[in-house]
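Data first, discussion second: the structure below is written as structure tokens.
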Amino acid sequence: MYFRTKNINTSNKSHMDQVTSGVTKVILMRPFAPLQTVSAETLPVAKDKEFIHIILPLSGRTVTFQSFMDKFVKIALKNDRRVLLTVVYFGEEGLAEARKIMSRVLVTKNSGGNSNNLRLLALNETFSRGKGLRVGAERVWDHQGSSNGPMSSHHKGDVLLFMCDVDIVFSARFLDRCRWNTEPGRKVYYPVVFSLYNPHVVYTLQGKEVPVETDQLVISRDTGFWRDFGYGMTCQYRYADHILIVD
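Residue 8 is where the sequence shown starts when you use our numbering, and the numbers rise one by one after that.
Okay, here's the thing in structure tokens:
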């Protein structure tokens, strides 16, 4: 179980000071007796969070990619601020548009995007998700030797990866769970994804207009199902000299 402590001090503080509330991980056990505390661990506050390297294989689907980047800016760059994105793009079709989408983030004021947390790798090949993940994992540390970017802090260390798809919507809380539920050489985190039905079918059958995308993100029996049989989304560590990826 995870417990978050809120900072109720209302004095004038910066945004980062206000969101550095603590989180405690508590493990409980109740075999055949009263509840027993096994361990309690205080987790790092926001400024000490580990960087997450998101690897996104992509080919085409630029409209969906634009929607992904809009959410990524709000959740990862402006809110969490400890996330780096590597897009591995396959083929020529749509490549120019994908570059424009990422460039707009880089030039938009206060977006949080810069050359140290956003990058696009282009491969003139047929799409392969497994290869995209491998290439992204191998190349995401090119700036490791630089002293002016966050990647330098991972020099000769384990790196936390989130292998993602372009149609995935995640929250800031998920990014924390990605950190909490992975351990180098010990634990890999496979989140259970809620898969939405086709909104044009769901709302048409109910005699309703299709709402905007943000209003479609509803978890219910009528809107979708839990994809507990899929293991495509994963948070896991990349060792300093080894990459463990299963396609």
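Note that CB positions come from ideal geometry on N, CA and C, so glycine has one too.
Cβ neighbours of R234 in the same chain (closer than 8 Å, five flanking residues each side left out): V199, V200, F201 and S202
- request: Taking D174 as the reference, give the member of L42, Y210 and D77 with the closest Cα.
  value: D77
- request: Could you work out which residue in F232, L182, E132 and L127 is closest to D87 when comparing CA atoms only?
  value: L182
- prompt: T44 lies in the beta strand (DSSP E); which residues open and close that run?
  reply: Q43 to L50
- prompt: In the DSSP assignment, what are the bridge partners of G67?
  reply: None; G67 has no bridge partner.
Inter-stretch contact at 8 Å, needing at least 3 Cβ pairs: the region 102-115 / the region 211-228: no
- prompt: In terms of residue numbering, what span does the beta strand (DSSP E) encompassing F169 cover?
  reply: V166 to M170
message: Give me the DSSP bridge partner(s) of R126.
response: T93
- request: Please list, in chain order, all residues of the same chain as L125 whose beta carbon is under 7 Å from its beta carbon, the five residues on each side excluded.
  value: L92, M109, V112 and L113
query: What's the C-alpha gap between R37 and S46?
result: 13 Å
Collapsed DSSP secondary structure at L203 in the structure displayed: strand
- prompt: Name the DSSP beta bridge partners of G29, please?
  reply: Paired residues: none, contrary to the question.
query: Which partner residues of K56 appear in the DSSP bridge assignment?
result: According to DSSP, K56 bridges with nothing at all.
Assigned exposure category for R186 - 16 Cβ within 10 Å defines buried: buried
field: Integer Cβ distance of T44 from L35, believed to fall under 8 Å
entry: 6 Å
message: Judging by CA-CA distance, which residue of N205, E104, E220 and P191 is the nearest neighbour of T69?
response: E104
- request: Please say whether I82 and L167 have beta carbons closer to each other than 9 Å?
  value: no
query: How big is the Cα-Cα spacing for D229 and G237?
result: 20 Å
- prompt: If we count the other Cβ atoms within 10 Å of its Cβ and call it buried at 16 or more, is P41 buried or exposed?
  reply: exposed
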